[in-house]
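Just below is one structure, and these are the notes that go with it.
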């Protein structure tokens with residue numbers, strides 16, 4: 008099985024982290040192909056960045072179709088270019104945001120989302136409603152920290168993130184925390200221990216979902232919405 012993971016931004020450090028996280032979750036017979044960027048941005052923060060990054064995501068999927076990829080993962084919690092990508096791909100296209108929300112909905116009565124920047128809050132709220140999780144998503148919150156700053160190995164930052172997450176789940180009365188930014192993946196184990204509740208990293212979940220869909224022989228429906236228009 009061949010799975011392509013696409014990081015829509017240009018950060019090589021984040022791409023390396025994404026590859027490390029995904030590799031740890033792979034089945035032995037799955038080959039991973041990691042691609043990044045194309046729009047010159049080091050992070051995706053808000054609608055404008057997402058729009059600029061989408062063509063690069065689609066180009067990677069188009070090249071993946073020629074290379075025989077079985078599935079794709081869009082490694083941005085905003086699910087940048089997800090619907091358009093499904094028009095191109097034959098196999099499943101999994102957004103880490105959608106995958107994480109589905110997983111969280113199976114683990115508790117309601118969940119909270121934690122992202123890096125306030126600009127992403129409305130994007131994630133809109134996605135939660137569109138995916139059918141309006142009743143289970145108790146809140147979307149931001150650290151108000153630039154995405155690239157999450158790469159720093161800083162004890163004070165680690166503690167601040169943990170305390171912020173604790174405040175969120177207490178205020179929302181949530182039973183699960185969803186990491187709404189790929190850059191937060193490295194904090195999953197730390198937060199799960201600190202909070203003593205499930206913390207969902209969309210990268211790990213998306214890999215597992217993509218493998219399961221391919222093994223089940225499922226592909227993207229071309230009946231209507233994701234049927235590609237003739238060019």
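In our numbering, the protein residues as written are 8 to 238. Backbone N, C-alpha and C define an ideal beta-carbon position, used for all residues, glycine too.
| Asked | Found |
| --- | --- |
| Taking the CB atoms as reference points, tell me whether residue 76 and residue 10 lie closer together than 8 Å. | yes |
| Where do the ends of the alpha helix (DSSP H) carrying residue 169 lie? | 162-179 |
| Under a three-way DSSP split, which group does residue 108 fall into? | helix |
| Take residue 98 and list the residues in its own chain whose beta-carbon comes closer than 6 Å to its own, dropping the five residues that flank it on each side. | 77, 78, 226 |
| Exposed or buried, which one is residue 234 when buried takes at least 16 other CB atoms within 10 Å? | exposed |
| What span of residues does the beta strand (DSSP E) with residue 39 cover, start to end? | 38-43 |
| Measure the alpha-carbon distance for residue 135 versus residue 38 and round it to whole angstroms. | 30 Å |
| In whole angstroms, what separates the C-alpha of residue 142 from that of residue 110? | 15 Å |
| Measuring CB atoms only, is the stretch 207-220 touching the stretch 78-88, in the sense that at least three cross pairs come out at less than 8 Å? | yes |
| Pick from 155, 153, 129: whose alpha carbon is nearest that of residue 146? | 129 |
| The ligand MG and residue 192: does any heavy atom of the ligand fall closer than 7 Å to the residue's C-beta? | The ligand content of the structure shown is nil, which means the ligand MG is not present either. |
| Take residue 66 and list the residues in its own chain whose beta-carbon comes closer than 7 Å to its own, dropping the five residues that flank it on each side. | 45 |
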